[in-house]
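Numbering (the numbering used here), first residue to last: 382 to 595.
All residues carry an ideal CB built from backbone N, CA and C; glycine is no exception.
All of these numbers come straight from a predicted model, not from anything done at the bench.
Quick notes on the structure that follows.
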């Protein structure tokens, strides 16, 4: 009946030397492709390039303004206004605040689901890196990509990469976080976490945990 619409939202930004810039979108799209059939939902292409100012210093990053992002989201809402509910599956943290403000406005019409927030407990249950290790291009994303798209993961390019743990970017960090930061100032490799702890097995566990939670 297709009364439900599933919208994957990602980004196009530098994910270190070992992951493709479209990592967030690939993860969001993969989740949608597994979840939508359970509800006989309609899948649309969604948004591949979003708000990534913190990564703009890296040349393989593409970022759009908040205004343009909001315009794209509202365009989707207007196009599918006759549907019962629209699910936005978001895999890029930079979109969270704006998506939730839009959700607040439209109330029951839309539901925003963020990958990290959905499985905080399961993230902790098998992670082997300390707080800060599962962040951008770290243990979590690298593991998920090793499971879903092993051909797109270039672990050989991780040689001599400095690991930087940024605790306040971790979903399990419980204290006040800085409002603004730039990736290039935290780690010139563009990795904010520890990909050396990643494994295909962890990726499989976390991916299916996401599917079951939704």
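Please work out which residues of its chain come closer than 6 Å, Cβ to Cβ, to residue i, disregarding the five sequence neighbours upstream and downstream, and give them in chain order.
i           : result
residue 420 : 385
residue 398 : 538
residue 544 : 575
residue 437 : 444
residue 422 : 385, 387
residue 535 : 399
residue 571 : 395, 397, 439, 564
Can you find the residues in the same chain that come closer than 7 Å, C-beta to C-beta, to residue i, ignoring five residues on each side of it along the sequence?
i           : result
residue 445 : 430, 431, 432
residue 547 : 513, 516, 567, 573
residue 488 : none
residue 441 : 395, 402
In terms of alpha-carbon separation, which member of the options lies closest to residue i?
i           : options            : result
residue 462 : 413, 490, 471      : 490
residue 515 : 492, 587, 387      : 587
residue 504 : 400, 594, 416      : 594
residue 506 : 583, 387, 390      : 583
residue 388 : 518, 492, 470, 437 : 470
residue 492 : 508, 475, 501, 464 : 464
residue 580 : 473, 390, 527      : 527
residue 401 : 426, 439, 487, 459 : 439
residue 394 : 590, 518, 535      : 518
residue 498 : 448, 460, 450, 481 : 481
residue 473 : 450, 416, 569, 487 : 450
Give me the Cα-Cα distance between residue i and residue j, rounded to the nearest whole angstrom.
i           : j           : result
residue 409 : residue 392 : 10 Å
residue 466 : residue 404 : 26 Å
residue 456 : residue 443 : 20 Å
residue 577 : residue 406 : 22 Å
residue 550 : residue 418 : 33 Å
residue 483 : residue 458 : 10 Å
residue 452 : residue 479 : 11 Å
residue 531 : residue 485 : 37 Å
residue 540 : residue 529 : 22 Å
residue 510 : residue 390 : 27 Å
residue 533 : residue 585 : 16 Å
residue 477 : residue 448 : 14 Å
residue 454 : residue 589 : 27 Å
residue 460 : residue 416 : 22 Å
residue 508 : residue 569 : 24 Å
Less than 8 Å between the CB atoms is what I'm expecting for residue i and residue j, so what's the real figure, rounded?
i           : j           : result
residue 414 : residue 428 : About 16 Å separates the two Cβ atoms, so there is no contact after all.
residue 412 : residue 592 : 7 Å
residue 552 : residue 501 : 6 Å
Ordered along the chain, which non-local residues of its own chain (more than five positions away) have a Cβ less than 8 Å from that of residue i?
i           : result
residue 494 : 468, 469, 470, 471, 595
residue 434 : 444, 475
Verify the CB distance criterion: does residue i have a CB-CB separation below 8 Å to chain B?
i           : result
residue 498 : In the structure shown, chain B does not exist; there is a single protein chain.
- request: Check whether the region 559-571 touches the region 523-535, counting contact only when three or more Cβ pairs, one atom from each stretch, lie closer than 8 Å.
  value: A contact between stretches requires three or more CB pairs, one per stretch, nearer than 8 Å, and the region 559-571 fails this requirement with the region 523-535.
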